[in-house]
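Top to bottom, those sequences are chains A and B.
Number 10 in the working numbering belongs to position 10 of the first sequence; there are no gaps in the numbering.
Number 319 in the working numbering belongs to position 180 of the second sequence; there are no gaps in the numbering.
As structure tokens, the structure follows; a few thoughts come after it.
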Amino acid sequence: MFDRKGQIRIIEAFLAVGVIFSALLISFTFPASPDLAKQKSLAQVGMQALMKLDTNGTLANLVEGQDWTAIKESLDILLPIGVAFNLTVYDENRQQVNLQPIRNSNLLGHESVSVQYICATRNQVVQLFLLRLQLAWTT
Amino acid sequence: MVILALSAIVGASKVTTPYLNGLSSRDDAERFQQLASYVLLSTGTPSNWGQSSGTFPSRLGLAKENSEQNYELDIDKVTRLNSRNIYSLIYSQIWDALGATDVAFQLEVRTLFEVSIRLASNSTRGDQTSYEFEITTKKSGMPISTELCGYVAVRNFVNKTASFTSSNGIGSFTIGIPNWISGAALFLVTARAKTNPQIVSFDIYSFGHNSQTPLPNGTFTSLSPLAYVLKASFISSGTEIMSASIFTFNYNFSLAEKAAGVQSKEYTIPCILDSSPMVMVLTGHNASTSFAEWVPYPQLPLQVGMDFSQSVAGSKIVTQSHIVTINQALYEVVTKWGGTV
């Protein structure tokens, strides 16, 4: 009678160990969650680049003048090497303003983050632009 | 039964330990991000610790007092991180003031792109010698198109010229120096990105004009700018200063002497409203050897803190980059964190 109970306990224990290990194995087969700190840091770098470009109204002037090459070259200098970016500029009606892409390389296949920044011209008639900057580490 | 349960616990802990360590590392990265932001966004305590050479911060912060924009750093707080400045903080003072005693860190402040000067040729015609310099402007190998301003300084002679680098990042200067002067000469180039006048950089080339190649910068004087005063400490006796000047992208002036001692001199640095690094140049001689020595203000580039290149392989180092404003010009601050205990 006691021997049978003991045998069942041993089987139970083996089952419990099996359940624990199989649960652990299953958990490791799931893909790792993205490195949130690294992504957050990249978003911060992107936001800072836009903010610094906008000091003295430079960014809004470049957008108003549709000087996309100058914006691209400025971001090339301000963003760290190894960061791919794609900037899209929208007007107040959410219509895309830049007809040519403002990017240094393709973001496809890379885990990207996106930051949004609103800039305003410093003229008598104020124009607002919404800038959406997508960023990804390529290295 | 007990053996089985214990072996299960040990096994589970062995398997999960690396994963849990990974989670804690993510917290580290977040924490390092917060620390870097704190250092760059706060003024520290006392808030004006940068300007007074006898004041040391109890809380480290590099932000400018009463600044209207984020990530604007104080020129003197940054300068005091440079070990070449006689008023600089040492690593242990910075580390104590940071308040996070369980981490090692390195802080680097530099320009956003690099300028390099190469002497391409020189030729003597009549009463002057012409020097042709090739200028390269790039960021980690990527060419940058810029506007250039070049200054040549020999003894009391100063000449200013302008040029540019095109989209391939290459430009040139041809400068003439009269042959009635001779001695150590400096060619200073300040560069400004065509797309944004706040993105600036500089480089200095030292050469001998009708004389032998000058000795390295810092051989005759130790130059330390702080609180808009330049202190020149003479390294050996018998050093005579002939001229003291300041150069920015748009302006150059002679520096007014503020005080003079036996082995040192002080000059007042004017507060120049120009998005540009300021470079001070002192020319002079010691016995028959002439010199032209220089120091930028803010005193950059600088690197302070732990040397992570000596770290154990596999140790986790978190690197962060920030764009900051110092004196209306943009610079890059790179922080490296690691070695949590």
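For each residue, glycine too, the CB sits at the ideal point set by N, CA and C.
- Here DSSP, grouped into helix, strand and coil, assigns N307 (chain B) to coil.
- Shown here, Y177 (chain B) sits in a helix according to DSSP, grouped into three states.
- At a cut-off of 8 Å between C-beta atoms, L251 (chain B) counts as an interface residue with respect to chain A.
- When the five nearest sequence neighbours on each side are left out, the beta carbons in the same chain lying within less than 8 Å of the beta carbon of N391 (chain B) are those of Y290, V297, K299, S384, I385, in order along the chain.
- For Q337 (chain B), the neighbours in chain A by C-beta distance under 7 Å run, in chain order, T55.
- Excluding five sequence positions before and after D446 (chain B), the CB atoms of its chain that fall closer than 8 Å to its own CB belong to Q245, given in chain order.
- Under the rule that a run must span 3 or more residues, the beta strand (DSSP E) segments found entirely inside the segment 370–451 of chain B read 378–386, 391–393, 395–399, 403–407, 417–425, 428–436, 441–444.
- Shown here, V242 (chain B) sits in coil according to DSSP, grouped into three states, outside any helix or strand.
- Put simply, the CB of Q48 (chain A) is near chain B, with a gap under 8 Å to one of its CB atoms.
- In the three-state reduction of the DSSP assignment, W188 (chain B) falls in the coil class.
- In this structure, DSSP gives I320 (chain B) a state outside helix and strand, which the three-state scheme calls coil.
- Neighbours of P80 (chain A) across chain B, judged by C-beta separation under 7 Å: S460.
- For I77 (chain A), at least one C-beta of chain B is nearer than 8 Å to its own C-beta.
- In this model, L79 (chain A) and T250 (chain B) are separated by some 13 Å (Cα to Cα).
- The shortest CA-to-CA distance from F312 (chain B) to any of B:D266, B:I256, B:S345, B:P364 is the one to B:I256.
- Take the alpha-carbon of Q208 (chain B) and the one of A49 (chain A): they are about 13 Å apart.
- Judged by pairs of C-beta atoms under 8 Å, the segment 214–229 of chain B does not touch the segment 258–269 of chain B, as fewer than three such pairs exist.
- Per DSSP, reduced to three states, the secondary structure at Y367 (chain B) is coil, with no helix or strand assignment.
- Under the DSSP assignment, A60 (chain A) falls outside any beta strand (DSSP E), being part of the alpha helix (DSSP H) whose first and last residues are 58–64.
- A residue is called buried once 16 or more other Cβ atoms fall within 10 Å of its Cβ, and F14 (chain A), having fewer, is exposed.
- Only K278, S279 from the segment 268–279 of chain B bring a Cβ to less than 9 Å from some Cβ of chain A.
- In terms of beta-carbon proximity, E73 (chain A) lines the interface with chain B, with at least one pair separated by less than 8 Å.
- Taking 8 Å as the CB threshold, V45 (chain A) lines the interface with chain B.
- Taken atom to atom, the span from the alpha-carbon of E247 (chain B) to that of S448 (chain B) is near 14 Å.
- A direct Cα-to-Cα measurement between T240 (chain B) and W234 (chain B) gives close to 7 Å.
- Your pair N104 (chain A) and F85 (chain A) checks out as a contact, with CB atoms roughly 6 Å apart and the cut at 8 Å.
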